[in-house]
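Here the sequence shown stands for residues 1 to 203, numbered as in UniProt numbering. In this text, a Cβ means the ideal position worked out from N, Cα and C, and glycines have one as well.
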Amino acid sequence: MGRSVFRFLSRQSDAPELSGPQHLLRLPHNSDYKQWYRLRSESRSFLQPWEPTWRGDELTESAFRARILRATQECASGLAVPMLLFRREDMVLLGGLTIGYIRRGAAQSCMIGYWMGEKHAGQGHMLAALRVAIPYVYGGLQLHRIEAACIPDNWKSIRLLEKAGFEREGLLRKYLKINGEWRDHMMFSRLPEDGEFGKMVGP
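Given below as structure tokens:
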């Protein structure tokens with residue numbers, strides 16, 4: 001599998017903490033609220049064009065606690081692993097990455113999604129997060145296929161997925177309701193044979 005750039009810090013498979021040289025991915029904690037609120041608030045106009053419509057209580061502490069409860073339940077039941085992304089040296093919150101829609105049986109697949117705070121975008125953080133998450137999907141979760149859906153004019157996300165070794169598969173018509181509108185999405189996928197995480201293109 002080549003040189004490892006991640007460590008499994010937790011012995012509990014239902015609550016993983018994934019670490020790369022400069023980044024940490026883990027489930028959200030109640031103590032993360034202030035950082036999460038500040039980053040999401042500052043990045044609102046940057047994020048909203050690519051996300052479902054924000055609810056009126058989107059940024060409240062009660063809504064955040066509900067997110068934590070849902071994340072814990074989904075992780076424990078094997079349905080999803082919703083994680084926040086931190087810079088390891090000072091535990092500054094950078095964004096989030098979710099391994100969701102985990103399907104077992106004949107499919108053995110998942111859907112990956114992510115978001116990045118505006119002030120941290122374009123600095124390689126999410127590619128580094130994918131370098132941590134992808135080996136965990138194949139090795140820790142023992143899945144065979146990773147899917148990602150991207151709005152066709154979101155060229156930054158498309159470039160990120162291509163750097164991470166994902167292949168375009170086709171167009172999903174009006175696939176998700178994003179910012180109040182049903183939007184077409186490009187489907188991308190990645191298989192173990194598409195290359196080791198250490199051999200992904202680009203810095």
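Asked: Selection from ASP184, PRO28 and PHE46 that minimises the alpha carbon distance to ALA91; Found: Note that residue 91 is Met in the sequence shown, not Ala. The option with the nearest alpha carbon to MET91 is PRO28.
Asked: Local conformation of MET1 per DSSP, three classes; Found: In this predicted model, MET1 has a pLDDT of only 37, less than 50, meaning its place in the structure is not dependable; the value taken from the coordinates is given anyway. In the structure shown, MET1 sits in coil (DSSP, three-state: anything other than H, G, I, E or B).
Asked: For HIS125 and LEU85, believed in contact at Cβ under 8 Å, the rounded distance; Found: 7 Å
Asked: Continuous alpha helix (DSSP H) stretch holding SER62: start and end; Found: 61 to 76
Asked: C-beta atoms of TRP115 and GLU51 nearer than 9 Å; Found: yes
Asked: Residue closest to LEU181, alpha-carbon to alpha-carbon, out of PHE188, ARG173 and MET187; Found: It is Glu, not Leu, that sits at residue 181 in the sequence shown. Ranking PHE188, ARG173 and MET187 by Cα distance to GLU181 puts ARG173 first.
Asked: Enclosing beta strand (DSSP E) for VAL92 [first to last residue]; Found: 92 to 103
Asked: Pair within 9 Å by beta-carbon distance, LYS156 and GLY122; Found: yes
Asked: Ranges of the beta strand (DSSP E) found wholly within the stretch 114 to 201, counting only runs of at least 3; Found: 145 to 150, 167 to 178 and 181 to 190
Asked: Burial state of PRO82, where buried means 16 or more other Cβ atoms lie within 10 Å; Found: buried
Asked: Contact under 9 Å by Cβ, ILE151 with PHE166; Found: no
Asked: Delimiting residues of the beta strand (DSSP E) encompassing SER19; Found: 17 to 19
Asked: Terminal residues of the alpha helix (DSSP H) in which LEU47 lies; Found: 44 to 47
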